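Working notes, beginning with the structure itself.
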Amino acid sequence: EPIIFPTDFETKATGVLLNNLKIELQKIGWDELDLLYGKEPIEKILSQLPKPFVFNDLKAALKNLPLKNEFKFGLMDGGITDNQGIESMMRANSRRLSGETSFKPFDLMLVNDVGSHYMDPYQLPDKIKNDSGLQSLTVRGVFTIAIILILVGAGLLAGTFFSSSHLLNLFLGLFGTLFLFVGLTISAGLLFIKKFISSKLKNGSGLNLDKNFSDGITPLLFNFLKGTPVGVIFYMLKQRMNSVLTLNNDVFLKRIRQLLYQQFFTDNKLKFRVKSNHVYDLSFTNDLNFAKNDNDMINLKPERNIQIVAEEAFEMGTTLWFDTGNQKQHTEGAIIACGQFTTCFNLLEYIRRLKGSTVFNNLNEFYKARIDNLEIKLHGDYAAFNKDPFWLYNQSGKNYNIDGFTECNMDTLGFSSKNYEKLRS
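Just so it is clear: in the sequence shown, position 384 is 1151 by my numbering, and no numbers are missing.
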């Protein structure tokens, strides 16, 4: 859900932010100009510009025009288009290569990701239970019940005019009002849904099926829905919601990620300047892919404890906080340790590939010595990780004097008894 700027940032600094906000329009059109500045100020500027005016003159005049007081815009997570920021990094590197900036090109771009290309198989939906009361009750039936409730409620209320008993009048008034309220609520709700689907609300909002279907389809749809059991409609909505979530969270995002990766890792200009670093690289889940490179990577094969910690980190939900349950299970420690030993592994794997190429032979002796020295240190760290996946995590926690820091080990985590080896059997 988008967060609205500046409404969701109501502080004393909001005015300062707005006053210093610089906006570069991608295109100049009335919709954008009206949103930013309002119609009257724009018309005033246009009337003052020489005819025919040049767009650069308009852009120059807009720089001094204050934004509307009620100006707002929505901010969304950048992950919907490029979760790792790969495209931004490639553009920055291109600017460096072309001399648009004084910065040197990147030596190595390490792409870190907690997402993966793995997807759970589609689960067929459960059958609707035939014993459910909603199975036989259709939408037309619900509307009929609503009308009956309205009539009964009106009848009970009318009865209060003919009864002299206070107790009876109280009973008739109470239940009459209840039946009338429930009946009117149901019928009003059904009417609202019908108007929403056909986009006949006062403000014009709704699905507006006429945009996608011909005139004859909408009445057929309503006729179908009237005779459809309520249970079936709820069932259809539930399955549709699940499929939309799957498409958004898995299919579309992972497809976008795959296309960006393909562009990133096949660019000849970036050869030996890019490396991926995934949370699942050393997990049991990734055993199949790891086995493909087993001959080259035999010396770097991780011990079981490393794979256990990596699997736990990979299974952790991608939230931006750690609740008390996660803290007790030391999930945060598993993720940090996984980041440490996986980065160590991937840098070693990168150096192995680099040394097997002609690129390494073309480097001067200074850089060759630096790479050799780094490789020796990384091998020492990787051997230590295989003995204890948490050695660097625990050492860092002590050195940084983190309040309430608790050391992690395989026993405190409590998942060493899981049978991970059968995950991908």
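Beta carbons are placed, not taken as given, at the ideal position from N, Cα and C, and that holds for glycine. Small disclaimer: the values here were computed from a predicted structure and weren't measured.
Query                                                                                                                                                                     : Result
Using beta-carbon positions only, say whether F1001 and L1049 come within less than 8 Å of one another.                                                                   : no
Do L947 and G920 come within 8 Å of each other at the CB atom, strictly closer than that value?                                                                           : yes
How about L825 and L803: do their beta carbons lie closer than 8 Å?                                                                                                       : no
Closer than 8 Å is the cut-off here; do at least three beta carbon pairs connect the region 851 to 871 with the region 1074 to 1084?                                      : no
For V1018, write down the residues that DSSP places opposite it in a beta bridge.                                                                                         : V1018 is not bridged to any residue.
For the 8 Å Cβ check, are there 3 or more pairs between the region 976 to 989 and the region 807 to 819?                                                                  : no
Report all residues from its chain with a CB closer than 8 Å to the CB of L1037; omit the five preceding and five following residues, and keep chain order.               : M857, N860, M876 and F1031
Do L939 and L916 come within 8 Å of each other at the CB atom, strictly closer than that value?                                                                           : no
Taking the alpha helix (DSSP H) that F1152 belongs to, which residues open and close that run?                                                                            : E1132 to K1154
Give the range of the alpha helix (DSSP H) segment to which M1008 is assigned.                                                                                            : V997 to T1013
Does DSSP put F840 in a helix, a strand or coil?                                                                                                                          : strand
Measuring alpha carbon to alpha carbon, tell me which residue in S869, I790 and L1159 is nearest N831.                                                                    : I790
Between Y1117 and K1165, is the Cβ-Cβ spacing less than 8 Å?                                                                                                              : no
Please classify T1098 as buried or exposed, where buried requires at least 16 neighbouring CB atoms within 10 angstroms.                                                  : buried
What would DSSP say about K978, mapped onto helix, strand or coil?                                                                                                        : helix
So, for F910: in the same chain, excluding its five sequence neighbours on each side, which residues have a beta-carbon less than 7 Å away from its beta-carbon?          : S954 and L957
Excluding the 5 residues preceding and the 5 following I1138 in the sequence, name in chain order all residues of the same chain whose CB lies nearer than 8 Å to its CB. : I1118, L1121, K1122, F1127 and L1130
Are the beta-carbon atoms belonging to L974 and I960 less than 8 Å from one another?                                                                                      : no
Name the two residues that bound the continuous beta strand (DSSP E) containing L877.                                                                                     : M876 to D880
DSSP on E1174, reduced to helix/strand/coil?                                                                                                                              : coil
Who are I771's beta bridge partners in DSSP?                                                                                                                              : G841
Is the beta carbon of F1039 less than 8 Å from the beta carbon of Q1074?                                                                                                  : no
Using 7 Å as the cut-off, classify the Cβ of K1122 as near or not near the heavy atoms of the ligand HEM, replying yes or no.                                             : No copy of the ligand HEM appears in this structure; indeed no ligand is present at all.
With distances taken from CA atoms, which of S855, K839, A827 and K818 is nearest G846?                                                                                   : S855
The alpha helix (DSSP H) with V1076 in it runs from where to where?                                                                                                       : R1071 to E1082
What number of angstroms, rounded off, separates the C-alpha of R1191 from the C-alpha of K794?                                                                           : A caution first: R1191 carries a pLDDT of 48, below 50, which makes its placement in the model unreliable, though a value can still be read off. In a straight line, the C-alpha of R1191 is about 51 Å away from that of K794.
From the DSSP output, in three-state form, read off S1043 for me.                                                                                                         : strand
Distance, Cα to Cα, Y1115 vs E1142?                                                                                                                                       : With the sequence shown as reference, residue 1115 is identified as Leu, and Tyr is not the correct amino acid for it. The straight-line gap from Cα to Cα measures roughly 6 Å.
Relative to the alpha-carbon of D801, which residue among P1156, F840, I1169 and K894 has its alpha-carbon at the smallest distance?                                      : F840
Does DSSP classify T985 as helix, strand or coil?                                                                                                                         : helix
Got a sec? Which residues, its chain only, sit under 8 Å from H1146 by beta carbon, not counting five neighbours each side?                                               : L1115
Assign Y1134 to buried or exposed, taking buried as 16 or more other Cβ atoms, counted over all protein chains shown, within 10 Å of its Cβ.                              : exposed
Going by alpha carbons, who is nearest to G1106 out of L1027, F1152, V1046 and V906?                                                                                      : V1046
Determine the direct distance from the alpha carbon of L976 to that of D982, and round the result to whole angstroms.                                                     : 9 Å
Buried or exposed: where does G796 fall if 16 or more other Cβ atoms within 10 Å of its Cβ makes it buried?                                                               : exposed
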